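Data first, discussion second: the structure below is written as structure tokens.
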Amino acid sequence: MRSPVAVIGLVLLAVLAVCAVFGPYLAPHDPGQLDLPNALNGPSSGHWLGQDELGRDLASRLIVGARTSAMIGLIVVSISVVFGTLIGLLAGALGGVVDQAIMRVVDILLAFPGILLAIAITGILGPSRGNIIFALSLLGWTGFARLVRGQVLSFREREFVLAARGYGASTGRIMWRHLLPNVLAPVLVQATFGMAGVILSEASLSFLGLGPQGIPTWGAMLNEGVDYLLFAPHLSLVPGVAVMLTVLAFNFLGDALRDRLDPRAQPWL
Amino acid sequence: MIRYVARRLLLLIPTVLGVATLVFFFIHLIPGDPVEVMLGETAEQADKEALADALGLNDPLHVQYGNFLLGLLKGDVGDSFFYKKPATEVLLERLGATVELALAAMLVALLIAIPIGVVAAVKQYGAFDNVSMLAALIGVSMPNFWLGPLLIWLFSLHIEWFPPGGREGLGSLVLPAITLGTALAAILSRMTRASVLEVLDEDFVRTARAKGLPERTVLFKHVLRNAMIPVLTLIGLQFGVLLSGAVITENVFSWPGLGTLFIEALQSRDFPVVQGCVLYISFGYVMVNLLVDLLYAAVDPRIRYGSS
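So the sequences go chain by chain: A and B.
Under the working numbering, the first residue of the first sequence is numbered 1, with each subsequent residue one higher.
Under the working numbering, the first residue of the second sequence is numbered 270, with each subsequent residue one higher.
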């Protein structure tokens with residue numbers, strides 16, 4: 001991949017992955033350790049991103065918070081991809097009543113504004129990692145189902161599928177061996193953008209106080225920092241930059257992948 | 270066209286019914302007793318029973334569902350536990366502020382996105398194109414719960430141009446509108462660029478140039494008119510996204526719209542208001558999508574013939 005934005009995206013994501021996997025070992029301090037006399041201190045040699053309103057080390061909380069964002073993003077997108085691809089394959093390959101019924105359900109679910117429903121679900125069921133994953137996966141799969149169905153419809157009458165049908169391949173075999181490999185590329189592009197969307201949604205929920213409790217999350221850090229905007233703007237600035245760079249990295253990568261896979265795209269870099 | 274409109278309106282019925290059904294069952298299957306929420310855990314059992322009877326909560330689920338649908342036909346989603354009046358009334362009081370914010374954000378987005386998208390396409394691969402599209406990607410990636418506090422820090426706390434929150438006068442609308450409109454501006458500028466580039470490649474543009482028309486006429490009379498159709502569609506579709514995005518922005522700026530009401534209702538477990546917010550915003554979303562489809566069909570006849 002020669003695109004400079006893709007390289008920047010990959011480097012940023014590599015940093016995120018390292019923080020997510022090795023976070024607790026990389027953090028210079030215990031992210032929960034209080035140091036009230038030094039609360040709201042700016043960056044220093046001991047605390048290179050500064051300290052929050054309880055004197056906790058901001059850098060350590062940021063590194064440990066990466067795991068929450070990455071894990072929720074990965075789980076929600078995986079559930080959405082697997083479920084959405086399966087449903088889309090079934091709708092597209094079987095057609096008829098099954099297709100009509102599935103697509104009607106998808107249309108109804110797509111009528112819900114996603115983040116609003118996620119806020120309602122986590123607000124009512126209670127803030128926890130499991131509830132966030134449930135809330136974001138509930139609608140997350142619909143986009144993948146629609147994409148895969150569209151792709152399958154465009155492939156269904158192509159020669160290689162007709163040939164497979166001609167030599168007696170079952171619908172299941174055609175779906176698994178012939179259609180699935182052909183729809184994976186656009187699914188990969190959408191999954192990359194999906195990661196950006198889920199991380200942003202998780203941070204939004206955490207910002208509203210509906211995120212996982214008892215562990216540092218970027219959205220909650222930002223929310224706590226808003227009260228100290230005048231005296232310690234770094235409290236909001238640091239987690240905000242982390243969310244933005246992560247989302248930007250996934251968008252960079254998604255753009256580059258799409259440009260590479262779609263010959264009609266008119267890339268800008 | 271009439272047949273197309275009729276068909277689209279008929280298709281609306283199962284979608285609206287589906288949305289209402291999902292919201293009803295979701296609210297009724299969740300843990301937590303609304304009677305306990307209204308009276309408190311220490312209330313007498315007899316009082317709880319009387320209230321449950323009055324609210325119809327002791328009826329079988331299918332009866333409750335039927336009553337819910339009948340109520341919905343009359344625009345009634347129940348009484349707010351907190352405000353002690355119909356939830357629809359509470360929602361309507363806050364709707365104006367949200368629509369005002371969404372329209373202002375849309376205006377901000379259009380003023381930024383259309384000129385940038387057009388110039389970026391005309392100067393494709395030039396410095397302006399690269400920088401503006403990079404800025405657009407950053408704009409899409411910037412969470413509005415971060416951009417909002419940043420704008421407050423800069424324009425309210427430091428140079429004191431605009432108030433940091435509330436809804437008093439036009440000045441208080443500026444920062445929330447920029448916060449909510451930035452991501453949309455980013456999406457729209459990318460779409461405008463792509464759409465203009467596609468039209469610039471069309472035969473009729475080549476013909477217009479071959480006729481010797483000045484470049485300005487080609488761009489404004491031939492290219493922009495055609496390139497704006499998909500952009501208009503996106504604007505319509507994004508209006509629904511703006512309404513839900515307003516939830517976060519309103520909370521950052523204490524803007525007294527549906528978004529702040531929604532979070533307040535969730536915190537006080539005022540289920541009829543939560544239910545009403547989700548229902549009405551979803552219906553608004555469906556209606557805007559329908560309007561966009563109908564407008565699109567009116568502008569481009571291939572669509573209504575293709576789907577009939």
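By construction, the Cβ of each residue, glycine as well, lies at the ideal position given by its N, Cα and C atoms.
No experiment lies behind these values; they were computed from the predicted model shown.
Check: By DSSP, does Gln51/A sit in helix, in strand, or in coil?; Outcome: strand
Check: Would you verify that the beta carbon of Trp422/B is, or is not, closer than 7 Å to some beta carbon of chain A?; Outcome: yes
Check: Secondary structure at Pro418/B, three-state DSSP: helix, strand or coil?; Outcome: helix
Check: With 8 Å as the limit, tell me which residues of the region 49 to 71 of chain A have their beta carbon closer than that to any beta carbon of chain B; keep them in chain order.; Outcome: none
Check: Going by DSSP in three states, Asp499/B sits in which element: helix, strand or coil?; Outcome: Sequence inspection shows Pro at residue 499/B; the Asp mentioned does not correspond to that position. Here Pro499/B sits in helix by DSSP.
Check: Leu10/A lies in the alpha helix (DSSP H); which residues open and close that run?; Outcome: Pro4 to Leu26
Check: Using DSSP's beta-bridge definition, name the partner residues of Asp57/A.; Outcome: Gln51/A
Check: Would you please verify whether the beta carbon of Ser577/B is less than 7 Å from any beta carbon of chain A?; Outcome: Because Ser577/B carries a pLDDT of 44, less than 50, the predicted location of this residue cannot be relied on, and no value is offered for it.
Check: Spell out whether any CB of chain B is found under 7 Å from the CB atom of Pro113/A.; Outcome: yes
Check: Is it buried or exposed for Gly528/B, if we count other Cβ within 10 angstroms and need 16 for buried?; Outcome: buried
Check: Scan the region 52 to 133 of chain A and note each continuous alpha helix (DSSP H) run of 4 residues or more that stays entirely inside, going in chain order.; Outcome: 58 to 94, 96 to 110 and 114 to 125
Check: Quick one: Cα of Ala321/B to Cα of Asp328/B, how far?; Outcome: 9 Å
Check: Going by CA-CA distance only, name the one from Ala323/B, Cys546/B and Asn495/B that's closest to Pro113/A.; Outcome: Cys546/B
Check: Which one or two residues does DSSP pair with Asp348/B in a beta bridge?; Outcome: Pro355/B
Check: When the Cα atoms are used, what is the spatial distance from Tyr167/A to Ala93/A?; Outcome: 17 Å
Check: Is Leu544/B helix, strand or coil by DSSP?; Outcome: The question names Leu, yet the displayed sequence has Gln at residue 544/B. Gln544/B falls in the helix class under three-state DSSP.
Check: Quick check on DSSP: helix, strand or coil for Ile215/A?; Outcome: coil
Check: Within 10 angstroms of the Cβ of Ser577/B, are there 16 or more other Cβ atoms? Answer buried if so, exposed if not.; Outcome: Note that Ser577/B scores 44 on pLDDT, short of 50, meaning its location in the model is unreliable; the coordinates nonetheless yield the value given after this. That one is exposed.
Check: Determine contact between the region 110 to 128 of chain A and the region 136 to 145 of chain A, defined as no fewer than three beta-carbon pairs at a distance below 8 Å.; Outcome: yes
Check: Could you tell me the distance, in whole angstroms, from the CA atom of Ile79/A to the CA atom of Gly55/A?; Outcome: 38 Å
Check: Is DSSP giving Asp259/A helix, strand or coil here?; Outcome: helix
Check: To the nearest angstrom, how far is the alpha carbon of Gly526/B from that of Ser425/B?; Outcome: 21 Å
Check: Here's the rule I'm using: 16 or more other beta-carbon atoms within 10 Å means buried, otherwise exposed. How should Met270/B be labelled?; Outcome: exposed
Check: Quick one: does Gly287/B have its CB under 7 Å from some CB of chain A?; Outcome: yes
Check: How is Ala452/B classed by DSSP in three states: helix, strand or coil?; Outcome: helix
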